[in-house]
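Beneath this line is the structure, given in structure tokens, with notes to follow.
In our numbering, the protein residues as written are 6 to 776.
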């Protein structure tokens with residue numbers, strides 16, 4: 006059982022407990038008497054589509070590239086600021102939907118309250134708040150967000166006749182109107198800027214005993230034995246423009262009516278049935294994987310915030326690793342269901358109108374990190390929300406490639422938004438003119454196929470991957486016999502030239518070339534698998550897909566290798582520059598170690614040693630100071646088969662980069678670290694690549710015994726492991742289709758061939774045994 010629990014209400018937003026059904030989100034504080042539930046809906050992005058491209062970019066590209074070739078970096082970066090920065094320089098931002106404000110008229114005061122417990126049950130995706138008054142009378146609130154019913158449900162229980170609550174919807178000053186739909190439903194509606202989306206949210210109630218009524222824009226439950234509140238929200242984003250136009254001038258009213266109809270259907274059902282349906286739907290995802298790690302009874306008996314405090318004070322708590330792992334899976338299910346928008350920088354949980362970094366999709370690592378656990382943790386459907394976004398980016402990515410860089414194909418810079426905007430974001434040289442956004446995202450298409458072996462998906466994905474590669478077929482230029490990017494940069498780092506001048510812009514940063522090697526290799530393998538189906542792929546301006554694939558293959562052969570500098574570290578740039586910030590949060594040059602497999606302990610030991618030295622120096626200079634960066638470092642150590650360093654950094658993440666509700670602390674809150682550490686824990690236990698599986702590669706001594714079930718392998722197979730005293734007891738591999746792979750445990754190797762549906766069980770010597 007995995008539960009976050011506390012003995013007091015949340016004092017701040019980062020202590021509240023998150024609920025989500027992929028589309029709707031809520032943060033439960035559990036306050037007495039006056040409660041505020043902050044709510045989100047995934048399409049609440051301020052502003053409509055706008056073409057922001059700087060019209061002088063294409064004309065000045067040759068000049069920019071020549072300045073970079075000549076090493077005139079300050080001039081190049083000055084030109085970027087003038088000719089390449091978009092106007093406006095920012096994309097659209099994700100906003101809070103608002104708040105549900107509740108006054109519990111019969112609640113005890115904080116002083117009168119006893120036996121208070123606030124919990125989030127990760128196994129059921131249910132939040133519960135329980136407490137007693139001075140008379141030992143019990144009060145209880147149970148809340149969940151149902152995917153099947155597409156609404157939030159809040160069940161209130163109290164002593165007979167004592168459920169009395171007044172509820173309002175609020176969005177500061179950022180709405181148009183509020184009022185009542187009927188005698189048991191209130192609404193709030195508005196718009197999100199000029200030529201932008203319209204939205205509405207509604208709240209309904211029914212009760213046993215007492216009565217329910219609306220007055221003004223307040224919903225009142227009075228003197229009930231128990232009550233159930235139902236909340237829903239929507240915008241015009243997913244409706245056809247013709248339909249929305251036909252609703253004029255009543256767009257917001259129509260939205261409120263549609264939401265109310267949905268809530269009425271939920272109200273017509275028994276509460277118990279709604280809860281059971283919700284749990285069944287959620288557990289179809291969550292129960293696919295189960296992890297057991299050592300846990301001391303004295304730790305398990307403590308509230309979650311006290312457990313964290315013990316880590317901060319220098320103690321140990323192995324069980325918190327399991328809680329982090331389960332929490333990451335819970336959050337991904339809660340903010341990225343099939344058909345939804347993908348997880349933003351805050352997943353779906355954002356309390357602000359002007360969020361940090363606009364709570365967008367930052368695609369120079371953060372969005373990608375959100376999906377690192379999707380495949381290995383058996384949540385491939387959650388990954389598809391990201392693929393839908395890539396699909397929305399294609400048209401604009403083509404436009405930017407052509408109009409800004411005079412190239413075919415598609416590209417994106419380091420951010421995108423609800424509308425798939427691919428133009429440069431911000432006016433910040435260390436990040437803005439980075440051309441690899443679409444390329445990195447498209448490596449996730451190959452990742453998904455490699456795990457699922459879904460041929461129909463690959464038929465859709467290959468043209469997208471090839472189109473992202475096509476941009477670089479046109480964009481790359483030759484240097485020292487290799488093909489490199491120009492302009493380039495290493496996100497979001499700064500180097501120092503021998504003259505003392507600082508710069509970011511360069512040619513062929515290591516990360517660019519590692520991403521391209523991953524993308525080009527994926528395209529090559531996909532084309533080989535698809536065979537004649539490659540001819541059916543369609544890309545604008547490409548009449549011969551086989552010819553394009555030959556060009557991609559040729560470019561792959563001319564990418565420069567990963568190199569080691571004079572200090573024994575992996576080079577970050579083509580030149581051996583001094584770093585302005587040796588402890589920088591990005592460790593971009595190690596993309597080849599993770600999430601890629603270009604650097605590995607067994608295949609490239611010299612590069613692996615250089616990667617380890619790179620990490621040592623980064624950490625010695627203060628690296629890992631942000632939550633997501635620490636999560637990336639844990640993945641690096643997992644891939645270096647260093648379980649002790651991986652565990653040490655998990656403890657550091659808990660002590661320095663985790664809020665009381667286990668949200669990742671950048672600071673401020675960013676969800677990428679939650680997903681990154683979940684992926685890392687899986688990588689510590691099992692690593693798989695094409696036709697090879699490595700068992701317990703980074704098992705720390707602290708996890709001396711344990712068990713994991715349901716993790717996925719490249720090649721469409723599942724695996725379960727059990728270990729004791731730090732040694733493998735049993736490995737169970739089940740193939741979902743014909744599978745061939747080499748299983749590796751320490752120095753022992755065994756080739757396994759399985760038919761679809763077949764299972765093999767191995768002992769620590771990798772000898773087959775009976776279950």
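Yeah, the Cβ is synthetic: ideal placement off N, Cα and C, and Gly gets one too.
Residue burial classification, residue i (beta-carbon count within 10 angstroms, cutoff 16)
{"i": "residue 745", "result": "exposed"}
{"i": "residue 519", "result": "buried"}
{"i": "residue 6", "result": "exposed"}
{"i": "residue 515", "result": "buried"}
{"i": "residue 87", "result": "exposed"}
{"i": "residue 689", "result": "buried"}
{"i": "residue 626", "result": "exposed"}
{"i": "residue 365", "result": "buried"}
{"i": "residue 292", "result": "exposed"}
{"i": "residue 248", "result": "exposed"}
{"i": "residue 327", "result": "buried"}
{"i": "residue 213", "result": "exposed"}
{"i": "residue 513", "result": "buried"}
{"i": "residue 199", "result": "exposed"}
{"i": "residue 734", "result": "exposed"}
{"i": "residue 742", "result": "exposed"}
Rounded straight-line distance, which links the Cα of residue j to that of residue i
{"i": "residue 51", "j": "residue 99", "result": "7 Å"}
{"i": "residue 582", "j": "residue 259", "result": "60 Å"}
{"i": "residue 73", "j": "residue 33", "result": "52 Å"}
{"i": "residue 264", "j": "residue 204", "result": "11 Å"}
{"i": "residue 411", "j": "residue 655", "result": "45 Å"}
{"i": "residue 680", "j": "residue 220", "result": "44 Å"}
{"i": "residue 629", "j": "residue 639", "result": "10 Å"}
{"i": "residue 372", "j": "residue 215", "result": "48 Å"}
{"i": "residue 462", "j": "residue 453", "result": "9 Å"}
{"i": "residue 225", "j": "residue 715", "result": "46 Å"}
{"i": "residue 398", "j": "residue 424", "result": "7 Å"}
{"i": "residue 71", "j": "residue 81", "result": "9 Å"}
{"i": "residue 306", "j": "residue 103", "result": "35 Å"}
{"i": "residue 395", "j": "residue 446", "result": "7 Å"}
{"i": "residue 164", "j": "residue 246", "result": "49 Å"}
{"i": "residue 563", "j": "residue 485", "result": "10 Å"}
Range of the contiguous beta strand (DSSP E) that encloses residue i
{"i": "residue 414", "result": "Taken as a continuous stretch (DSSP letters only), residue 414 belongs to no beta strand (DSSP E), as it is neither H nor E."}
{"i": "residue 582", "result": "It is not in any beta strand (DSSP E) - residue 582 carries neither H nor E in the DSSP assignment."}
{"i": "residue 638", "result": "Segment 632-644 is the alpha helix (DSSP H) holding residue 638; no beta strand (DSSP E) there."}
{"i": "residue 10", "result": "8-11"}
{"i": "residue 240", "result": "231-240"}
{"i": "residue 756", "result": "753-759"}
Top-ranked residue by Cα proximity to residue i, from the options
{"i": "residue 344", "options": "367, 353, 391 and 298", "result": "391"}
{"i": "residue 487", "options": "559, 456 and 465", "result": "559"}
{"i": "residue 107", "options": "227, 117, 532 and 747", "result": "227"}
{"i": "residue 20", "options": "438, 123 and 504", "result": "123"}
{"i": "residue 187", "options": "172, 175 and 208", "result": "208"}
{"i": "residue 490", "options": "511, 393, 470 and 64", "result": "511"}
{"i": "residue 166", "options": "360, 143, 270 and 148", "result": "143"}
{"i": "residue 426", "options": "523, 62, 91 and 65", "result": "91"}
{"i": "residue 601", "options": "664, 521, 555 and 709", "result": "521"}
{"i": "residue 289", "options": "386, 322 and 245", "result": "386"}
{"i": "residue 699", "options": "719, 711, 712 and 683", "result": "719"}
{"i": "residue 561", "options": "29, 517 and 65", "result": "517"}
{"i": "residue 10", "options": "620, 127, 741 and 141", "result": "127"}
{"i": "residue 356", "options": "675, 439 and 190", "result": "675"}
{"i": "residue 75", "options": "767, 492 and 575", "result": "492"}
{"i": "residue 297", "options": "324, 379 and 283", "result": "324"}
{"i": "residue 59", "options": "89, 38 and 31", "result": "89"}
Where the alpha helix (DSSP H) containing residue i begins and where it ends
{"i": "residue 346", "result": "Neither: residue 346 is in no alpha helix (DSSP H) and is coded neither H nor E."}
{"i": "residue 441", "result": "Looking at the DSSP string, residue 441 is not in any alpha helix (DSSP H), and its letter there is neither H nor E."}
{"i": "residue 149", "result": "Counting along the chain, residue 149 falls outside any alpha helix (DSSP H), though it belongs to the beta strand (DSSP E) covering 143-151."}
{"i": "residue 123", "result": "It is not in any alpha helix (DSSP H) - residue 123 instead sits in the beta strand (DSSP E) that spans 119-126."}
{"i": "residue 526", "result": "515-535"}
{"i": "residue 479", "result": "460-480"}
{"i": "residue 295", "result": "Per DSSP, residue 295 belongs to no alpha helix (DSSP H); it is in the beta strand (DSSP E), 295-297."}
{"i": "residue 335", "result": "324-340"}
{"i": "residue 256", "result": "256-272"}
CB-CB length for residue i against residue j, believed under 8 Å
{"i": "residue 276", "j": "residue 338", "result": "About 22 Å; that fails the 8 Å criterion."}
{"i": "residue 145", "j": "residue 162", "result": "4 Å"}
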